[in-house]
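Please read the structure below before turning to the comments.
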Amino acid sequence: MKYVLLLISTCFVIHVEAQGVLTLDEAVKISLENNYAIKIAKSNQKIADNNNTRGNAGMLPVVTGSANKNYNISSVTIGLFDPNLPTIERSGVSNNTGGAGVNAIWTLYDGLGMFIARDRLRELQKTNVTQIESSVENSIAQVSNAYYDIIRQSRRVKNLKQGLGISNDRLKLSRDRYEVGQGSKVDFLSAQVDYNEDKAALIAQEQALENAKISLNSLLIRSLQEEFSTNDTITYDKSLSLEILREATLKQNPLLILAEQNKRLAEMDLKLQKSAQLPQVDFITGYNYNASNNGAGAPQATKSLQNFAFSYGLRSSINIFDGYNQKRRIQNAKIGQEIANLQEGDLRNQLNTALERTYLNYRNALELIKLETENYKIARQNIDIAFERYKVGNSAAYELREVQRNAVAAETRLIEAEFNAKITEIELLRLSSKIVE
């Protein structure tokens, strides 16, 4: 039996070496380079950077240029005051007018709305940075979970292979006994059924391992059939403190920071609406040229006219009544501010709840690791004893099968306890934003 287990283990190692080992750090690096959510967040950050300008806040003048040229053809009848002069009649008279100019409007005062708008654009920049941080942390957590899931599934494959090795030894022994007339056919067939059952379980577990690899490849945004292997051990931090994690969560969690930023944005929106109630003062200036040509040719009529004009001045305006629309916008902004405050409070409560539950699961998983490690050691000793007894005929096949199942189950529970400890550790680090460390 030991020779079979050694052979299985050696084949597994050779296969792993041929594939090449993908470390967790490498997987995280690939994910951060390829992750769609991070790329989208970075693109949104570029938009926010582009929007944060003095012009977009309304601090700079708006300068427009214009030019026009109009033509018309008309029939003209002109009656003169002097009765001795004949009435003038013209048909097909061509007239044209044209002009060009440059005009500028510069808002000097709008109830400080332009300064509030600039602060709001800066805050929007910060929210996009926070969203990038959140996407990065989520990506690291997702990749880490998927990576350790592969280790879990891989260790379960090895566990089932060990169990299959025992079933194979038992099958050979029962076949030999049956062929020499020292064992019953029932024992031989039972051994065959148990072997087939273990083989089917191994095939299903190997499929679960391949699915786990596909999931990680998907997170890394690369070919789903990319072959790789991982490390086979799960290490975990036993020293995490709930109080330290809670303090870090309330200071560093990007979702909570984003909620606080949304509160400031809601406050700015309210100030912006209130500023619209104050007068607006604009500086207006322009330089314009106008020309007209008259083709009627009437006596004392102006044939052509050109005009150059430079103008400047101040314009003041205030909203006196607009159907209560401004009042409605202020009321909605106040409600939006209340909603932002409630959302921030709700998120704090959710994060505290998630932190408490996850930490409890983390501590329980550590305790289970101690218990299941002891159970696994006992189960391994028990199966060695049971197989030796079975070989010399001191125990029945069903007793060996039961001990074998207990050993496989004990190792499975240990693997699950270690995996759960790691998963809860990752979640605690994600909640407290320590995962990037």
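Residue numbers (this note's numbering): 704 to 1140. Where is the CB? At the ideal position from N, CA and C, for every residue including glycine. Every value quoted in this text rests on a predicted model; they were computed, and no experiment measured them.
- Closest option to G795, judged by alpha-carbon separation, among L788, G801 and N775: N775.
- Q1034 and Q976 have their alpha carbons spaced roughly 9 Å apart.
- Secondary structure at K772: strand, using DSSP grouped into helix, strand and coil.
- Boundaries of the alpha helix (DSSP H) around S978: P957 to S978.
- The C-beta separation of I853 from E1121 comes to about 14 Å, leaving the pair out of contact by the 8 Å criterion.
- Using a Cβ distance threshold of 7 Å, M817 and A760 count as a contacting pair.
- If you look at L788, you'll find it isn't in any beta strand (DSSP E); DSSP assigns it neither H nor E.
- Rounded to the nearest whole angstrom, the CA to CA distance from V839 to L958 is 12 Å.
- Rounded to whole angstroms, the gap between the alpha carbons of L1054 and S842 is 19 Å.
- Rounded to the nearest whole angstrom, the CA to CA distance from L981 to D813 is 7 Å.
- The alpha-carbon separation between N753 and I835 amounts to approximately 17 Å.
- Taking all protein chains in view, the Cβ of V731 is crowded by 16 or more other Cβ atoms within 10 Å, so the residue is classified as buried.
- Taking a C-beta distance under 7 Å as the contact criterion, T833 and L961 qualify as a contact pair.
- A Cβ-Cβ contact shorter than 7 Å links R1116 with E1075.
- For the set N1097, N1028 and L1131, the Cα lying nearest the Cα of E950 is the one of L1131.
- Here E1128 is buried, its C-beta having at least 16 other C-beta atoms within 10 Å.
- Y1015 is classed as exposed because its beta carbon has fewer than 16 other beta carbons within 10 Å across all chains shown.
- Taking a contact to require three or more Cβ pairs closer than 8 Å, the segment 930-946 and the segment 878-890 do not qualify as touching.
- Only buried fits E1047, as 16 or more other CB atoms lie within 10 angstroms of its CB.
- DSSP places Q908 inside the alpha helix (DSSP H), whose first and last residues are K888 to L922.
- Shown here for Y1079: same chain residues with a beta carbon closer than 7 Å to its own, the five before and five after excluded, namely A1113, E1114 and L1117 in chain order.
- Residue state for F818 is assigned as helix, using DSSP reduced to three classes.
- Bridge partners of S1098 according to DSSP: none are assigned.
- Between Y992 and G768, the C-beta spacing is not below 7 Å.
- Secondary structure of T936 (DSSP, three-state): coil.
- Straight-line measurement puts the Cα of I1126 at about 15 Å from the Cα of E1070.
- Beta-carbon to beta-carbon, L1134 and T952 are separated by about 5 Å, close enough to satisfy the 8 Å threshold.
- Here S926 is exposed, its C-beta having fewer than 16 other C-beta atoms within 10 Å.
- According to the DSSP secondary-structure assignment, G1016 is paired through a beta bridge with I987.
- If you look at S734, you'll find it in the alpha helix (DSSP H) that goes L727 to N737.
- Nearest to K829 by alpha-carbon distance, out of V846, N798 and A744, is A744.
- F1122 sits in a helix when the DSSP states are folded into three classes.
- Scanning its chain for C-beta atoms nearer than 7 Å, with the 5 sequence neighbours on each side dropped, one finds around E970 the residues Q1040, in chain order.
- Only residues of its own chain outside the window of five on either side were considered, and among them A1120, N1123, A1124 and T1127 have a CB closer than 7 Å to the CB of A1068, listed in chain order.
- Counting only residues of its own chain and dropping the five nearest sequence neighbours on each side, D897 has a CB closer than 7 Å to the CB of S870 and R1104.
- DSSP, reduced to helix, strand and coil, places V765 within a strand of the structure shown.
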